[in-house]
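Engineer:
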Amino acid sequence: MPNTPLNRIHTIMVNTTLPANIGSAARAMHTMGLSHLTVVAPRLPIDETSHANAAGGTSVLDNAIIADTIETALSPHALTVMASDALAIYPSLSSHQTSVRCCVMIFWLKTPKQPSPWSLGVKTED
Numbered sequence: 105m106p107n108t109p110l111n112r113i114h115t116i117m118v119n120t121t122l123p124a125n126i127g128s129a130a131r132a133m134h135t136m137g138l139s140h141l142t143v144v145a146p147r148l149p150i151d152e153t154s155h156a157n158a159a160g161g162t163s164v165l166d167n168a169i170i171a172d173t174i175e176t177a178l179s180p181h182a183l184t185v186m187a188s189d190a191l192a193i194y195p196s197l198s199s200h201q202t203s204v205r206c207c208v209m210i211f212w213l214k215t216p217k218q219p220s221p222w223s224l225g226v227k228t229e230d
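Numbering (this note's numbering), first residue to last: 105 to 230.
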């Protein structure tokens with residue numbers, strides 16, 4: 105795959121409760137041009153409801169990585185932006201602080217010499 109900004113974005117879902125939600129995320133990712141999905145400790149495995157909800161994004165779903173821990177999923181990433189309705193165990197930033205850091209990292213990652221991927225959209229369904 106080419107080393108493009110969109111190709112460096114990885115979506116990580118944590119502790120998903122319904123396989124259909126994984127498929128819906130895969131469909132949305134495909135629509136936005138994203139292709140890297142990691143699912144951490146899903147409560148139920150990817151199944152036919154995942155594929156039904158993935159619709160045109162089945163390639164994202166078929167290439168999804170299943171990880172045991174969030175640490176494993178995050179380890180290769182230079183920047184992680186998390187969104188969750190659960191209380192965070194990681195440092196929290198305001199939306200302004202987050203946007204400033206993301207802009208700095210995006211410009212840094214835009215250079216071809218920096219192949220490190222970054223993750224966006226870590227979600228816990230608890």
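Using N, Cα and C, we set each Cβ at its ideal position, and we do this for glycine too.
Since Thr116 is in the beta strand (DSSP E), which residue starts that stretch and which ends it?
Structural biologist: Note on identity: in this sequence residue 116 is Ile, with Thr being the wrong assignment. Counting along the chain, the beta strand (DSSP E) containing Ile116 begins and ends at 113-118.
Engineer: Name the DSSP bridge partner or partners of Ile245?
Structural biologist: In the structure displayed, the chain extends from 105 to 230; residue 245 sits before or after that span and is not available.
Engineer: Helix or strand or just coil, what does DSSP make of Thr184?
Structural biologist: DSSP places Thr184 in strand when its eight states are reduced to three.
Engineer: Would you identify the three-state DSSP class for Leu148, choosing helix, strand or coil?
Structural biologist: Note: Leu148 maps to coil in three-state DSSP.
Engineer: Is the CB-CB distance between His140 and Ile113 below 8 Å?
Structural biologist: Closer than 8 Å, so yes.
Engineer: Around the C-beta of His200, are 16 or more other C-beta atoms found within 10 angstroms, so that it is buried, or is it exposed?
Structural biologist: By the neighbour-count rule (16 or more Cβ atoms within 10 Å), His200 is not buried but exposed.
Engineer: In three-state DSSP terms, what is Leu138?
Structural biologist: Reduced to three states, the DSSP call for Leu138 is coil.
Engineer: Kindly list the residues whose CB is nearer than 8 Å to the CB of Ser128, restricted to its own chain and excluding five residues on each side of it in sequence; keep chain order.
Structural biologist: These residues qualify, in order along the chain: Asn157, Ala158.
Engineer: Going by C-alpha distance, which of Arg131, Ser196, Cys207 is nearest Thr153?
Structural biologist: Cα-wise, what sits closest to Thr153 is Arg131.
Engineer: Rank Thr176, His181, Thr120 by C-alpha distance to the C-alpha of Asp151 and give the top, closest one.
Structural biologist: Looking at the Cα atoms, Thr120 is the closest of the given residues.
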